[in-house]
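In the order they appear, the protein sequences are chains L and F. Position 154 of the first sequence, counted from 1, bears residue number 1199 in this note's numbering, the numbering being contiguous throughout. Position 314 of the second sequence, counted from 1, bears residue number 1359 in this note's numbering, the numbering being contiguous throughout. Note that the Cβ used here is the ideal one computed from N, Cα and C, for glycine as well.
Protein chains: 2
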Amino acid sequence: MPMTRIALSPVTAVTLDPHAPVMQDAAIHVEDGAITYVGPAHDAPDFEADEVRGGEHLVAMPGLINTHCHAAMTLLRGYADDMALEPWLQDRIWPFEAGLEEEDVYWGTQLAIAEMIRNGVTCFADMYFFHRRATEAMVESGVRACPSASIIGVFPDVPGQIAEARSYASEAAGAGDGRIRPCIAPHSLYTCEREHWTAVVDAAGELGVPIQTHAAETRAEVEEVRKRWGATPIQTLDSLGALDVPLIAAHCVHLDDTDLEVMARRRDGRSAVRVAHNPASNCKLASGVAPVAELRRRGIDVGLATDGTASNNRLDIWSEMRLTALLHKAVELDPTTLAAEEVLEMGTLGGARVLGLEAEVGSLEAGKRADVVLVDFDRPHLHPPHDVVSHLIYSAQSADVVTVMVDGQLLYDGGEHLTVDVDRAMAEVDARARRLATAAAG
Amino acid sequence: MPMTRIALSPVTAVTLDPHAPVMQDAAIHVEDGAITYVGPAHDAPDFEADEVRGGEHLVAMPGLINTHCHAAMTLLRGYADDMALEPWLQDRIWPFEAGLEEEDVYWGTQLAIAEMIRNGVTCFADMYFFHRRATEAMVESGVRACPSASIIGVFPDVPGQIAEARSYASEAAGAGDGRIRPCIAPHSLYTCEREHWTAVVDAAGELGVPIQTHAAETRAEVEEVRKRWGATPIQTLDSLGALDVPLIAAHCVHLDDTDLEVMARRRDGRSAVRVAHNPASNCKLASGVAPVAELRRRGIDVGLATDGTASNNRLDIWSEMRLTALLHKAVELDPTTLAAEEVLEMGTLGGARVLGLEAEVGSLEAGKRADVVLVDFDRPHLHPPHDVVSHLIYSAQSADVVTVMVDGQLLYDGGEHLTVDVDRAMAEVDARARRLATAAAG
């Protein structure tokens, strides 16, 4: 694809670069998919742009990063809510999922990608069925993603699943001009056995890919893992060697002091466990509230995540940022907990760190890939302009996003999707969800 | 103003009428400011409409109701966040407010009204300085409102304040073709003395207007009230006779069992205390989490509210609905707590009950005033169509609102404000906020 040269000027740049976090009247130059300049517009080098976007009311920021989701669960959005966990899973979610076909997952993922792109989410980690077909949707859309082949020990042919996870991880690496970064995803300690975990840890180490898993999501899970494995989820993962490869752990709601110490162990300048915090999902399923302020005090990397749309029901990191800023203040009874700047970091650069992509994305800096979002502040709820970062966290919403690029390619601009056929995705998902719901009820 | 005859057809009607809560392929007729028909489109009577809005993707619902705010605090949006309460008030909020002039409040209120209208909020209760000028903004905009004259015992000339509250309440009643319903607003038990409260309760009783006040917002307030008055805020208000007139109590976070019993006492088919629940503000200021599920179990009326934009920072009942549905599940550790239907009720009809307006607004029923909102479901995050009420609470956001009418008058339609000069309001608020911030810093 021919690369476009794009100038964003003038904009207010919220860079996430600690040396110049907020710049008024800034210019950003994008060339060959990378950011080549971020600085004062009046100092910008000469640049012949194919596309220019700018205006006093536009705020540029790094793309948001969703560190844990099950994208194709858009098919289940609104299918079952406000239920206790067991009947929700056993009577609703699993019977619906039992009918899933590969093309359902393809279209469910397409719709998820459309929603995320227009919300300013430029990168997400995914874990679901039919990962190869889902990866095709990711590649076609131009989004950045960390998809994974799942290993579910309670499903048939676990050795086959592990072999597939290995070959998928090596084959998908670098797909989509380097935007696809596969992971291996053993579902959890309560659905996989010791030999599965050992094989997965070996594979992840050999291939140099991260492990994505669920850990310490509910109190019941912690109790079950203690019974089966004799230790907490985090300490069990540690004893399995899973903390010696990059480990992306979703949820981490129920942790004890030893867990926190183990998680904080350093590895390549990052914590041994990188946490995908899913505040909306943890609330909606009544799992509890993760100790995010404490995780951060201990130096543990934390990014934000939506989980699947059955338990959220949005793929919207704006919502997760606002909820994070509000929820933990109420729980800690301290209004200084997780200030706007910290939460913005979790939604961008912090998420990149969780996925191991912080050298490439997560902030607006020359040399990084151009994953950039423009937010329109010419709206009543974003006035007066006392504090742009406060507005991004406490006042903005996903619909304020007007332009989204990944790797320097425009994916969404002026209300239009440029890479996803969103009308077809909505129609396909509607029809397929109807078929699946009918089958599940039958 | 000449009244328009409006047909909304075909729409999916989410009526809040328990006899037919959700109707597909519905028609709604609006004439002389009132709803004259809600029912199947194919059974609708002949109707010559001046304006028609309809489409498979449109959901009609009652306008949202904001039961407690300080509208003109839009001037302070983003001015001070993530601070402890005392320095936040003493070093930031109060010095800024000290410079407020009447025209500042007028324009701050205009901007707030614009934001609320486009968010689908058709009615709000207000409590701030310069209430007469603020009321003019409300009347001009066509919105429905319950503004109030405040009594603040720590400010000069309390007898003058009470006299003004009396004359304002009688003069403003019925302004704006009946859309303005004034209240009397003693600020709180910790800023007003016994003689102030006695005079206010007498005035409210005589004039037949509700009292709006803050109660049991923070633990520190409860302790202070116990010291000064010898009882909890709710029990003190009861002993003052404030529960024998309609009492709208904002916050009610910290309540004991006796408080709950006292509040549940019936009066005209409603609870003695009607609660304005401000979940975002209570989180952001770390006040705590109000026991909303328990309030509802006891039959106490609860509506939703934003509070002012210094502690939120939105005037967006969609956010409050979603936060209510999520927060209380996490706190109660029960995913069935406050299901989507219950939360939608709190944002609409429940809010009308809190303000004493449930005979006129809060649901789509023939005979009620036409405060109606259209939501566009032709968006990725509102597919597939498993459950419209789930989508309204868990997936929709304020930007999905496309048409808003109050009393049968279109106020917002297709992205345009029809009664508020929103560009001027943004410019005025920007300039005035800059002046006030400079003065407060000086």
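| Item | Value |
| --- | --- |
| Proximity below 9 Å, CB of residue 1407 of chain L to CB of residue 1061 of chain L | yes |
| Those runs of the beta strand (DSSP E) which lie wholly inside the region 1328-1383 of chain L and span at least 3 residues | 1347-1349 |
| Minimum C-alpha distance to residue 1344 of chain L - residue among L:1318, L:1065, L:1173 and L:1324 | L:1318 |
| Three-way DSSP call (helix, strand, coil) for residue 1212 of chain F in this model | helix |
| Residue 1112 of chain F, enclosing alpha helix (DSSP H) - first and last residue | Per DSSP, residue 1112 of chain F belongs to no alpha helix (DSSP H); it is in the beta strand (DSSP E), 1109-1114. |
| C-alpha distance - residue 1093 of chain F paired with residue 1065 of chain F, whole-angstrom precision | 25 Å |
| Segments of 3+ residues assigned as beta strand (DSSP E) that fall wholly inside the region 1271-1336 of chain F | 1292-1296 and 1318-1322 |
| Buried/exposed call for residue 1311 of chain L, threshold 16 Cβ in 10 Å | exposed |
| For residue 1439 of chain F, three-class secondary structure by DSSP | helix |
| Inter-stretch contact at 8 Å, needing at least 3 Cβ pairs: the region 1191-1205 of chain L / the region 1169-1181 of chain L | yes |
| Against chain L: residues of the region 1117-1140 of chain F by CB proximity under 9 Å | 1119, 1120, 1121, 1122, 1123, 1124, 1125, 1126, 1127, 1128, 1129, 1130 and 1133 |
| CB contact below 9 Å: residue 1372 of chain F versus chain L | yes |
| Buried or exposed (CB count within 10 angstroms, at least 16 for buried), residue 1372 of chain L | buried |
| 8 Å Cβ cut-off: residues of chain L touching residue 1068 of chain F | By Cβ distance, chain L contributes nothing, its closest Cβ being about 18 Å from residue 1068 of chain F, past 8 Å. |
| Cβ-Cβ distance between residue 1106 of chain F and residue 1075 of chain F below 9 Å | no |
| Residue from F:1433, F:1167 and F:1369 with nearest C-alpha to residue 1347 of chain F | F:1369 |
| Residue ranges of each beta strand (DSSP E) within the region 1213-1260 of chain F, 3 or longer | 1228-1231 and 1256-1260 |
| Whether residue 1379 of chain L touches residue 1079 of chain F by CB criterion (9 Å) | no |
| Whole-angstrom distance between residue 1475 of chain L and residue 1443 of chain F, CA atom to CA atom | 23 Å |
| Residue of L:1129, L:1050 and L:1111 minimising C-alpha distance to residue 1091 of chain L | L:1050 |
| Interface residues of chain L facing residue 1333 of chain F [CB-CB closer than 9 Å] | 1375 and 1378 |
| Three-pair Cβ contact test at 8 Å for the region 1282-1296 of chain F versus the region 1319-1338 of chain F | yes |
| Same chain, Cβ closer than 7 Å to residue 1123 of chain L, five either side skipped, listed in chain order | 1358 |
| Closer than 7 Å at the beta carbon, the chain F residues around residue 1471 of chain L | 1425 and 1428 |
| At least three beta-carbon pairs within less than 8 Å, the region 1115-1134 of chain L to the region 1380-1389 of chain F | yes |
| Opening and closing residue of the beta strand (DSSP E) in which residue 1072 of chain F lies | 1067-1076 |
| Residue-chain proximity (residue 1160 of chain F, chain L), Cβ-Cβ < 9 Å | yes |
| Nearest-angstrom Cβ-Cβ length linking residue 1376 of chain F and residue 1334 of chain F, presumed shorter than 8 Å | 5 Å |
| Spatial neighbours of residue 1481 of chain L in its chain, beta-carbon cut-off 6 Å, leaving aside the 5 residues before and after | 1141 and 1144 |
| Straight-line Cα distance separating residue 1173 of chain L from residue 1147 of chain L | 11 Å |
| Selection of the region 1076-1099 of chain L by Cβ proximity to chain F, strictly under 8 Å | none |
| Three CB pairs or more closer than 8 Å across the region 1211-1219 of chain L and the region 1230-1241 of chain L | no |
| Three-way DSSP call (helix, strand, coil) for residue 1432 of chain F in this model | coil |
| Closest residue to residue 1308 of chain F among F:1325, F:1484 and F:1339 (Cα-Cα distance) | F:1339 |
| Proximal residues, the region 1382-1409 of chain L versus chain F, C-beta separation under 7 Å | 1384 and 1385 |
| Residue 1230 of chain L vs residue 1258 of chain L beta-carbon contact at 9 Å | yes |
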